[in-house]
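Presented below is the structure to which this report refers.
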Amino acid sequence: MTTRSGPPRPPVAQTQAPAQPVQPVAPATAQTVTPTPIQPVQPPTATPAPPPPSLAPNAPSGPVTAAAVCCPDVATFEGSTGARNTYFGFDDKTNVVQNVGADEYWIPPTDAKSLPGNKETRDGARWVSVAVGREAQVEINFGGTFTNICLANCTYEIAPTSVAEVSSPKPTATGAVFKIKGKSPGEASVKVTCDGQVRGYFHIWCKQRATINLDVGAITTSRATAPGYSVAALTTVLNEIYSQTLIRFVVNDVGTVDLSGLPATHAFNVAEAATYSGGVFTSTAPFLTALDAAVQAKLTTAAAGNNTTYTAAPYQLFYYVPTSPARSAWGGSVINVGSSPGYCFFHDGATAASHNSMAHEQGHAMGLRHPSDGGSAGQLGHLRGTRGQAVTAMAATNTEPAVPAALAKGNVMAADPLNLLGYWSNKPARKPLRYNQWKSCARS
Numbered sequence: 003m004t005t006r007s008g009p010p011r012p013p014v015a016q017t018q019a020p021a022q023p024v025q026p027v028a029p030a031t032a033q034t035v036t037p038t039p040i041q042p043v044q045p046p047t048a049t050p051a052p053p054p055p056s057l058a059p060n061a062p063s064g065p066v067t068a069a070a071v072c073c074p075d076v077a078t079f080e081g082s083t084g085a086r087n088t089y090f091g092f093d094d095k096t097n098v099v100q101n102v103g104a105d106e107y108w109i110p111p112t113d114a115k116s117l118p119g120n121k122e123t124r125d126g127a128r129w130v131s132v133a134v135g136r137e138a139q140v141e142i143n144f145g146g147t148f149t150n151i152c153l154a155n156c157t158y159e160i161a162p163t164s165v166a167e168v169s170s171p172k173p174t175a176t177g178a179v180f181k182i183k184g185k186s187p188g189e190a191s192v193k194v195t196c197d198g199q200v201r202g203y204f205h206i207w208c209k210q211r212a213t214i215n216l217d218v219g220a221i222t223t224s225r226a227t228a229p230g231y232s233v234a235a236l237t238t239v240l241n242e243i244y245s246q247t248l249i250r251f252v253v254n255d256v257g258t259v260d261l262s263g264l265p266a267t268h269a270f271n272v273a274e275a276a277t278y279s280g281g282v283f284t285s286t287a288p289f290l291t292a293l294d295a296a297v298q299a300k301l302t303t304a305a306a307g308n309n310t311t312y313t314a315a316p317y318q319l320f321y322y323v324p325t326s327p328a329r330s331a332w333g334g335s336v337i338n339v340g341s342s343p344g345y346c347f348f349h350d351g352a353t354a355a356s357h358n359s360m361a362h363e364q365g366h367a368m369g370l371r372h373p374s375d376g377g378s379a380g381q382l383g384h385l386r387g388t389r390g391q392a393v394t395a396m397a398a399t400n401t402e403p404a405v406p407a408a409l410a411k412g413n414v415m416a417a418d419p420l421n422l423l424g425y426w427s428n429k430p431a432r433k434p435l436r437y438n439q440w441k442s443c444a445r446s
């Protein structure tokens, strides 16, 4: 209700009009005349007094403040919190800044932002891979003073527009799912703009999804036993890891290849014997070359015996597990980086570890290198410069598990310890590949 101040106003007196005289009835009518009652006059309505000029009739409570800014200061992006199949590759390392937590383009969020001309500028921007005709999901977060209504007014521009498109509805809250759909091979950036200013961005790598046929088997000799392995489990691991590179595998199980019946003078037996020294098995290029030749000959002969023809897949992976008391000095190997087949030399019952080692060797077969390899600079960029440094404990993210602190290791990068091509001791956790590794991975 409205309140007033000041002295009270005097009441308004009611008035009454004078009564009208009663007219007599003619004498001819002999009846009693009843006078008509007089109706009182209604008093006039009181007019409220205006409030003093210094008082508002409905003043708001609390101090008076300026209107809030209705735009986010910054838009940042993280990996999808959904299932792994909701996204392909998410890379938060390629553009990692020198001083984490200080040099990212979004710190402080009120700084002016502009899309860099070089997509590998070390500003903390993320990379996302997406296949042509498919969707990749990330999570968008907004910071600063804003409302949900304002977020819907942000624009999400992909440049160039030929590479991808935003396929999700406009976000209406922080932490909203944000989807992009690949249109054609190439690279692009997503730019978030509000009120004429850039609020954030990330980069896109788009390719046609490739399918690679892969033969998998186990090799037995007088010095190696056949391990148990699961083609289905191995296929799952390979496709999970290499979905980052937009590659899927079709795996063919060639079974156990038994080389134990070869004569002692066979080139393979001679090469195999030379690799066992002091009870330790050490892979060598001559041994792997002889092993490959013996395996291919055995598979061809076996197929001919069944009236079929053996045609090797473009890539092959084999288990070769030395028998006790020998142990392997290496987890696996390829003859040369960029060539098939790949071999896994251990099987300790931890199938997740052995399958991850197979994925590691498959990476070598498709051209990927260790951080310590001379040719890896173009694949791992400045991350390689942290090789051999002690790893600082890292919290888990949407796309990678937590990493405990660890001593310096020669083939582990402190800035990217879980990289598939490194030597992190928790093998099943070695999964991430980075933008330049995506590009370097052979696709046929």
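Quick note, the numbering used here runs 2 ahead of the 1-based positions in the sequence shown.
Backbone N, C-alpha and C fix where the C-beta goes; we use that ideal spot for every residue, glycine too.
Query: Cβ-based neighbour list, VAL336, same chain, cut-off 8 Å, excluding 5 preceding and 5 following; Result: LEU290, SER342, PRO343, GLY344, TYR345, GLU363, HIS366, ALA367
Query: With 16 other Cβ atoms within 10 Å as the buried cut-off, status of PRO500; Result: Past the edges of the chain, shown from 3 to 446, lies residue 500, and the structure says nothing about it.
Query: Length of the line joining the Cα atoms of SER279 and SER330; Result: 11 Å
Query: Contact under 9 Å by Cβ, GLY202 with TYR107; Result: yes
Query: Closest Cα partner of ASP125 within the set VAL339, ALA299, PHE204; Result: PHE204
Query: Exposed unless 16 or more other CB atoms sit within 10 angstroms - verdict on SER378; Result: buried
Query: HIS384 in three-state terms, based on DSSP; Result: helix
Query: Boundaries (first-last residue) of the alpha helix (DSSP H) holding VAL297; Result: 287-307
Query: Test item: CB-CB of VAL134 and GLN210 under 9 Å; Result: yes
Query: 6 Å Cβ shell around LYS441 - same chain, five flanking residues per side excluded; Result: none
Query: Residues sharing a beta bridge with ARG329, DSSP; Result: VAL282
Query: Among GLU141, ALA404, THR96, VAL102, the one whose alpha carbon lies nearest that of THR123; Result: THR96
Query: ILE151 - containing beta strand (DSSP E), residue span; Result: Counting along the chain, ILE151 falls outside any beta strand (DSSP E), though it belongs to the alpha helix (DSSP H) covering 150-153.
Query: Residue interval of the alpha helix (DSSP H) (run including THR237); Result: 233-244
Query: Cβ separation of GLY188 and SER164, assumed to be a contact under 8 Å, to the nearest whole Å; Result: 7 Å
Query: Contained beta strand (DSSP E) runs [length at least 3] in the segment 108-138, N- to C-terminal order; Result: 129-133
Query: Short Cβ contact (9 Å threshold) for SER449 with PHE347; Result: Since the first and last residues shown for the chain are 3 and 446, residue 449 lies out of range.
Query: Spatial neighbours of ARG371 in its chain, beta-carbon cut-off 7 Å, leaving aside the 5 residues before and after; Result: VAL339, GLY377, SER378, GLN381, LEU423
Query: Collapsed DSSP secondary structure at THR31 in the structure displayed; Result: At THR31 the pLDDT is 42, less than 50, meaning the model places this residue with poor confidence and gives no usable figure here.
Query: Identified DSSP bridge partners for PHE204; Result: VAL192
Query: Cβ neighbour criterion (16 or more within 10 Å) applied to LEU409; Result: exposed
Query: CB contact flag (ARG389, GLY412, <9 Å); Result: yes
Query: ARG389 (DSSP reduced to helix, strand or coil); Result: strand
Query: Residue interval of the beta strand (DSSP E) (run including LYS183); Result: 178-184
Query: Residue(s) in a DSSP beta bridge with ALA166; Result: GLY184
Query: Beta-carbon proximity of LYS183 to ALA166, cut-off 9 Å; Result: yes
Query: Inter-residue CB distance, CYS196 and PRO373 (contact presumed, cutoff 8 Å); Result: With a Cβ gap of about 40 Å, CYS196 and PRO373 do not count as contacting.
Query: Beta carbon of ALA295 nearer than 9 Å to that of PHE270; Result: yes
Query: LEU248 versus ASN308, VAL256, ILE206, residue with shortest Cα-Cα distance; Result: ILE206
Query: Stretch-stretch touch, CB-based, cutoff 8 Å, three pairs: the segment 79-98 with the segment 144-152; Result: no
Query: Contacting residues, own chain, Cβ-Cβ under 6 Å from TYR89 (five flanking each side not counted); Result: SER82, ALA138, GLN139
Query: 8 Å Cβ shell around ALA328 - same chain, five flanking residues per side excluded; Result: ARG225, TYR278, GLY281, VAL282, PHE283
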